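Enquirer:
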RNA sequence: GCCCCCAUCGUCUAGUGGCCCAGGACGUGGCCCUCUCAAGGCCAAAACAGGGAUUCGAAUUCCCUUGGGGGCACCA
């Protein structure tokens, strides 16, 4: 009997404040993988208590992004679940109750300091070269007095009463024990004066209520981990396993990606936003494979994974804590790999939207025929349009200069075109084997190279200097159209 | 400034004291294949940040230095 796997309950808890980026995608992926692997649940929770930063449409983009990547969640705002609601904006009272509980137990206190006073305080601390921290003005106000002030209508926040002495030790799965001196920790605000909980409180309360066993998140949260552990401990709850994933650095490896740089990236056909990646012709398979390997590895020799492979092979043990620079050329590599792995039917389905977007009228039947000859020539789906658009054009446009092959002059080119026209016209159809045999015989007799002759025909038939294989292409285009295009080319040169 | 984290080829990484004068992948260069472009195959260049300590033995353990990153909000 195999040892029993404990099901993990994990959550992806983004705030709807912008576009879904790679870091989020990876966190969600790992959440999904480990939940699936252990037979547990993956929960989507929206952390939307900061209304100032709320971005309309962000939640929808998040959900679409997850869906596109194939990362399904078991509980979430749109599908519900036994521990809802899954939007923090619908859980205000829950947080307030918990904050009150901390107050009653002497583990938190009401603070009446105004934001203005706090900024002034911080400025002075900076002037004195002190680390910014709350000075504790309200820390020792007797509870009775504080309640009176609240009754009178004074504005207040809840602050956590952080011990001033001793140390706090928390264990991160990837890094081991992390110990900090409590005097370096602040009396963090738990609930704002508008009554809304801050992340520190809300997330810990929700994680407990939603029975989260493993908190998997970015390591930008590491500095507040001791606080989070303190809050969990103050409530007397058992801590989840803390897992802080490595940070993604920009391709240069120098710092996190900024807004400005993200925009520049897009010009090169890359992006850190899931939505852009989709538009740029990347496949969910490629993105998932690529992102899974940033900060995690399986073994020495396996790197090609489908989502199902990953469910099978993923484990928290092989996570790497060091920051990772984003490497887009590797994305291209994986994307190409997965495109080549598609069946022709699948590829046809995937590239169709890109043709449509470019204004082409395409049919599935033709795309299936085209799929095998472009498969190994494209790294992104949208490249199919540039590579194979000529199949669907009534008339192809190109520069007549491009017709004239390397080492050839106009006369020679015309002769090639004319002879080819004769040869192909004489054929019953442009059956691949037949056409190629005939044309190769012609090459033999002509004394020219195959490259020269086929090059001329390539431009005449496809309008491109770079195209899928000539004979395969001609067969798909059909005799009539091929002959006509050769004739047009001939006329162009006269 | 303070706190925390990290440190193997350009990049992503394998490596948990001897199997490593360090393996794989991307990228780069070369060759082969070839109707273009790819794909594919083969080959090559390319790294344990530095210094101590522990040990018979260190990429692997400990300490220091250096470098890099993250965080210091009534944001998440």
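Residue numbers (my numbering): 1 to 494. The beta-carbon is built from N, C-alpha and C at its ideal position, and this holds for glycine as well. Computed from a predicted structure; not experimentally measured.
Give the secondary structure of residue 196 by DSSP, where H, G and I count as helix, E and B as strand, and everything else as coil.
Expert: Coil at residue 196, not helix or strand.
Enquirer: Looking at the strands, I want to know which residues DSSP matches up with residue 110.
Expert: BP columns for residue 110 point to 158.
Enquirer: Taking one C-beta from the stretch 315-325 and one from the stretch 357-367 each time, how about it: are there three or more such pairs within less than 8 Å?
Expert: Judged by Cβ distances under 8 Å, the stretch 315-325 makes no contact with the stretch 357-367, as fewer than three pairs qualify.
Enquirer: In the structure shown, what three-state DSSP assignment does residue 2 receive?
Expert: Low confidence applies to residue 2: its pLDDT is 47, below 50, so where it sits in the model is not reliable enough to give any reading.
Enquirer: Check residue 352 in the structure and name its three-state DSSP category.
Expert: Looking at residue 352 - three-state DSSP - the assignment turns out to be helix.
Enquirer: Using a threshold of 8 Å, state whether the C-beta atoms of residue 279 and residue 338 are closer than that.
Expert: No, they are not a contact pair.
Enquirer: Which residue or residues does DSSP assign as beta-bridge partners of residue 249?
Expert: The partner list for residue 249 (beta bridge, DSSP) reads 325.
Enquirer: Return the residue from the list 62, 50, 405 and 54 that minimises the CA-CA distance to residue 27.
Expert: When only C-alpha atoms are compared, the closest one is 62.
Enquirer: Fully enclosed by the stretch 170-226, which alpha helix (DSSP H) runs are 4 residues long or longer?
Expert: If we require 4 residues or more, the alpha helix (DSSP H) runs fully inside the stretch 170-226 come out as 199-209.
Enquirer: Per the contact definition of three or more C-beta pairs closer than 8 Å, is the stretch 233-240 in contact with the stretch 261-270?
Expert: The stretch 261-270 is not in contact with the stretch 233-240.
Enquirer: Have a look at the DSSP bridge pairing and note the partners of residue 80.
Expert: Residue 80 is bridged to 76.
Enquirer: With 16 other CB atoms within 10 Å as the buried threshold, where does residue 49 fall?
Expert: Its Cβ being crowded by 16 or more others within 10 Å, residue 49 is buried.
Enquirer: One question on the structure: do residue 221 and residue 173 come within less than 8 Å of each other, judged by their Cβ atoms?
Expert: Contact flag unset, no.
Enquirer: For residue 254, is the classification buried or exposed, using 16 other Cβ atoms within 10 angstroms of its Cβ as the cut-off for buried?
Expert: Looking at its Cβ environment, which holds fewer than 16 other Cβ atoms inside 10 Å, residue 254 is exposed.
Enquirer: Here's the rule: buried if 16 or more other CB atoms are within 10 angstroms of the residue's CB, otherwise exposed. What is residue 335?
Expert: The residue in question, residue 335, is buried, as its Cβ has 16 or more Cβ neighbours within 10 Å.
Enquirer: Give the straight-line distance between the Cα atoms of residue 477 and residue 282, rounded to the nearest whole angstrom.
Expert: Rounded to the nearest angstrom, the two C-alpha atoms are 27 Å apart.
Enquirer: How big is the Cα-Cα spacing for residue 101 and residue 107?
Expert: For residue 101 and residue 107, the distance between alpha carbons rounds to 9 Å.
Enquirer: Under the three-state reduction of DSSP, which class applies to residue 43: helix, strand or coil?
Expert: It is a strand residue.
Enquirer: When the Cα atoms are used, what is the spatial distance from residue 407 to residue 452?
Expert: Computed Cα separation, rounded: 8 Å.
Enquirer: Under three-state DSSP, which class holds residue 21?
Expert: Three-state result, residue 21: strand.
Enquirer: Can you tell me whether residue 36 is buried or exposed, with buried defined as 16 or more other CB within 10 angstroms of its CB?
Expert: With 16 or more other Cβ atoms within 10 Å, it is buried.
Enquirer: For the stretch 383-395 against the stretch 452-471, are there 3 or more C-beta pairs whose distance is under 8 Å?
Expert: Touching, yes, given that three or more Cβ pairs across the two stretches are closer than 8 Å.
Enquirer: Could you tell me which uninterrupted alpha helix (DSSP H) segments, each at least 4 residues in length, are contained entirely in the stretch 435-474, listed from first to last along the chain?
Expert: With a minimum length of 4 residues, the continuous alpha helix (DSSP H) runs that stay inside the stretch 435-474 are 450-462.
Enquirer: From 439, 415 and 433, pick the residue whose C-alpha is nearest to that of residue 423; which is it?
Expert: Considering only alpha carbons, the answer is 439.
Enquirer: Which two residues bound the contiguous beta strand (DSSP E) that contains residue 10?
Expert: Element bounds for residue 10: 9-12.
Enquirer: Using DSSP bridges, identify the partner residues of residue 168.
Expert: Answer by DSSP bridge pairing, in chain order: 180.
Enquirer: Between residue 225 and the rest of its own chain, which residues show a CB-CB distance below 8 Å, the 5 nearest in sequence each way excluded?
Expert: The answer, listed in chain order, is 170, 172, 178, 242 and 244.
Enquirer: Quick check: the Cα distance between residue 449 and residue 415, rounded to an integer number of angstroms?
Expert: Those two C-alpha atoms are separated by around 14 Å.
Enquirer: Within 10 Å of its beta-carbon, does residue 39 have 16 or more other beta-carbons around it, so buried, or fewer, so exposed?
Expert: Result: exposed.
Enquirer: The alpha helix (DSSP H) spanning residue 365 covers which residue range?
Expert: From DSSP, the alpha helix (DSSP H) with residue 365 extends over 364-374.
Enquirer: Can you tell me whether DSSP reads residue 408 as helix, strand or coil?
Expert: Coil.
Enquirer: Using DSSP with H/G/I as helix, E/B as strand and the rest coil, what is residue 237?
Expert: Three-state result, residue 237: coil.
Enquirer: Going by beta-carbon coordinates alone, are residue 410 and residue 490 separated by less than 8 Å?
Expert: Against a cut-off of 8 Å, the Cβ pair of residue 490 and residue 410 comes out as no contact.
Enquirer: Strictly by DSSP, which residues pair up with residue 296?
Expert: BP columns for residue 296 point to 319.
Enquirer: Apply the 10 Å Cβ neighbour rule to residue 217 and answer buried if 16 or more other Cβ atoms are within range, or exposed otherwise.
Expert: Residue 217 is buried by the Cβ-count criterion.
Enquirer: In the DSSP assignment, find the alpha helix (DSSP H) that holds residue 119 and state where it starts and stops.
Expert: Here the alpha helix (DSSP H) through residue 119 covers 115-127.
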